[in-house]
Amino acid sequence: MNVLKYLLVGFVFGIVLTKSEAVSWYRIYEMFQFQSFHMYGIIAVAIATGVIGIQIIKRNNIKDIKGQPIEIEDKEKGSTRYWIGGIFFGLGWALVGSCPGPIFILLGAGFWSVLIVFFGALLGTFIYGLFKNKLPH
Amino acid sequence: MNIIFQTWPWYVSGFLIGMIMLSLIYFGKAFGMSSNLRSLCSMAGAGKYVSFFNFDWKSQRWNLVVVLGAMLGGFVAVHFMSDPSNIDINPKTIAQLAQLGIDAPNGKLMPDALFGPQIWQSPKSILILLIGGILIGFGTRYAGGCTSGHAISGLSNLQLPSLKAVIGFFIGGLIMAHFLLPLIF
Numbered sequence: 001m002n003v004l005k006y007l008l009v010g011f012v013f014g015i016v017l018t019k020s021e022a023v024s025w026y027r028i029y030e031m032f033q034f035q036s037f038h039m040y041g042i043i044a045v046a047i048a049t050g051v052i053g054i055q056i057i058k059r060n061n062i063k064d065i066k067g068q069p070i071e072i073e074d075k076e077k078g079s080t081r082y083w084i085g086g087i088f089f090g091l092g093w094a095l096v097g098s099c100p101g102p103i104f105i106l107l108g109a110g111f112w113s114v115l116i117v118f119f120g121a122l123l124g125t126f127i128y129g130l131f132k133n134k135l136p137h
Numbered sequence: 138m139n140i141i142f143q144t145w146p147w148y149v150s151g152f153l154i155g156m157i158m159l160s161l162i163y164f165g166k167a168f169g170m171s172s173n174l175r176s177l178c179s180m181a182g183a184g185k186y187v188s189f190f191n192f193d194w195k196s197q198r199w200n201l202v203v204v205l206g207a208m209l210g211g212f213v214a215v216h217f218m219s220d221p222s223n224i225d226i227n228p229k230t231i232a233q234l235a236q237l238g239i240d241a242p243n244g245k246l247m248p249d250a251l252f253g254p255q256i257w258q259s260p261k262s263i264l265i266l267l268i269g270g271i272l273i274g275f276g277t278r279y280a281g282g283c284t285s286g287h288a289i290s291g292l293s294n295l296q297l298p299s300l301k302a303v304i305g306f307f308i309g310g311l312i313m314a315h316f317l318l319p320l321i322f
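Taken in order, these protein sequences are the chains called G and X. So in the numbering used here the end of the first sequence lands on 137, straight run, no missing numbers. So in the numbering used here the end of the second sequence lands on 322, straight run, no missing numbers.
Pasting the structure below:
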């Protein structure tokens with residue numbers, strides 16, 4: 001059951017992202033051309049659901065599944081890494097139309113050309129690790 | 138039954154994605170997909186060469202299970218829950234893509250021009266996908282998260298750094314979609 005719940009959450013995630021077409025290159029292109037509300041709607045409702053859920057958790061001190069207090073870590077303070085890293089990711093996102101979640105989902109669905117994107121993403125992650133200490137953060 | 142096969146509306150999909158993030162918080166974890174790329178590098182032995190990958194990736198196994206589930210979900214959704222009416226994008230977008238020589242969806246999730254089987258014979262096509270992947274991998278790790286970690290998890294928790302990252306995502310995306318894609322195609 002311990003592992004099964006993660007498998008189940010992932011399974012639902014894969015289905016939702018495919019059926020909402022957030023994994024589609026076309027939907028990402030359409031979003032960046034401002035020619036559809038669809039993707040903006042998905043992101044906005046997801047965030048609204050998250051904001052409300054997290055507020056409920058915090059205000060009622062809801063415990064997690066093991067009975068421990070839920071603590072959501074704050075992101076590290078800073079600017080440079082978020083702006084520059086964000087722009088790099090955005091360039092890739094709009095070029096191949098997938099963020100990391102969809103890369104895995106599309107591979108599972110059998111789109112073999114996405115293997116190249118996946119390999120590139122591993123390589124990009126490795127390059128970051130290699131130069132981490134030289135990059136401004 | 139039709140509801141399953143059609144494109145799921147944004148309000149249903151967005152709500153479910155929000156609930157997925159909340160479920161992981163309830164399990165004592167966090168929603169973020171790009172960190173799996175780091176775990177996979179570590180699994181492959183990158184920790185021997187670069188200290189960034191020398192961490193306890195086994196503590197992140199739960200997230201790799203989420204990935205496995207997502208892959209299964211993608212398989213089921215594409216093979217058993219699809220319909221030719223899907224990917225009903227704006228006709229203006231289709232016309233614009235035609236000018237770039239990119240084929241219309243007609244139910245396909247991705248254009249053949251970028252992802253079709255012929256790309257394996259084209260060094261240019263392979264390079265486009267490889268560079269796209271590198272930008273995604275490098276950018277998400279540099280920024281410390283992607284759409285799931287920053288846009289959904291971070292903004293839901295009202296994190297200013299995540300807002301910076303998400304604005305960065307859109308600056309990069311808009312530059313690519315409006316200025317670079319027309320040069321590439």
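By construction, the Cβ of each residue, glycine as well, lies at the ideal position given by its N, Cα and C atoms.
If you draw a straight line from the C-alpha of residue i to the C-alpha of residue j, how long is it?
i        : j        : result
Phe307/X : Val215/X : 28 angstroms
Phe104/G : Leu300/X : 25 angstroms
Phe282/X : Gly169/X : The amino acid at residue 282/X is misidentified as Phe; the sequence shows Gly. Each residue's Cα considered, the two are about 7 angstroms apart.
Val51/G  : Gly110/G : 34 angstroms
Gly41/G  : Pro136/G : 34 angstroms
Leu107/G : Leu246/X : 13 angstroms
Met218/X : Ile141/X : 7 angstroms
Lys166/X : Asp74/G  : 14 angstroms
Gln197/X : Leu4/G   : 15 angstroms
Phe118/G : Gly286/X : 18 angstroms
Ala232/X : Phe34/G  : 14 angstroms
Pick out whichever of the options has its Cα sitting closest to the Cα of residue i.
i        : options                                : result
Gly238/X : Thr144/X, Pro319/X, Pro146/X           : Pro319/X
Trp199/X : Asn2/G, Gly41/G, Pro136/G, Phe131/G    : Asn2/G
His315/X : Leu234/X, Val202/X, Ile226/X, Gly155/X : Leu234/X
Val12/G  : Phe252/X, Gly276/X, Phe217/X, Ala207/X : Ala207/X
Ile96/G  : Asn223/X, Ala183/X, Pro298/X, Ile271/X : The amino acid occupying residue 96/G in the given sequence is Val; Ile does not appear at that position. Measuring from the Cα of Val96/G, the nearest candidate turns out to be Ile271/X.
Pro102/G : Thr49/G, Gly14/G, Asn60/G              : Gly14/G
Ile62/G  : Tyr186/X, Ser188/X, Ile162/X           : Ile162/X
Asp220/X : Leu317/X, Asn139/X, Phe322/X, Val303/X : Asn139/X
Ser179/X : Asn133/G, Lys134/G, Thr125/G, Lys132/G : Thr125/G
Please state whether the Cβ-Cβ distance between residue i and residue j is less than 9 angstroms.
i        : j        : result
Tyr29/G  : Arg278/X : no
Val149/X : Asn173/X : no
Gly309/X : Ile87/G  : yes
Tyr26/G  : Pro242/X : yes
Met288/X : Ile43/G  : Position check: residue 288/X holds Ala in this sequence, whereas Met was assumed. In this structure, Ile43/G lies closer than 9 angstroms to Ala288/X by Cβ.
Tyr82/G  : Gly151/X : no
Val9/G   : Ile154/X : no
Pro312/X : Gly90/G  : In the sequence as presented, Pro is not what sits at residue 312/X; that position holds Ile. Yes, the pair counts as a contact, with Cβ atoms nearer than the cut-off.
Ile54/G  : Ile65/G  : no
Ile256/X : Ile263/X : yes
Ser222/X : Gly253/X : no
Leu130/G : Phe189/X : yes
Excluding sequence positions up to five away, which residues of its chain have a Cβ less than 6 angstroms from the Cβ of residue i?
i        : result
Phe143/G : This structure cannot speak to residue 143/G, because chain G is shown only from 1 to 137.
Ser20/G  : Ile42
Could you pull the start and end residues of the alpha helix (DSSP H) that residue i belongs to?
i        : result
Ser24/G  : Unbroken run through Ser24/G: none, as it is neither H nor E.
Ala302/X : 297–312
Lys187/X : The residue you asked about is not Lys; residue 187/X is Val in the sequence shown. Where Val187/X is concerned, there is no enclosing alpha helix (DSSP H), given that its DSSP letter is neither H nor E.
Lys58/G  : 38–59
Cys178/X : 172–180
Ala121/G : 114–131
Ile62/G  : Run containing Ile62/G: none; DSSP gives neither H nor E here.
Trp83/G  : 80–96
Within the same chain, show all residues whose beta-carbon is closer than 7 angstroms to that of residue i, passing over the 5 residues directly before and after it, in chain order.
i        : result
Lys121/G : Before going further, note that residue 121/G is Ala rather than Lys in the sequence given. Pro100, Ile103, listed in sequence order.
Near residue i, which residues of its chain fall below 8 angstroms by C-beta distance, leaving aside the five closest residues on each side in sequence?
i       : result
Leu17/G : Val23, Gly101, Pro102, Ile105
Thr80/G : Pro136, His137
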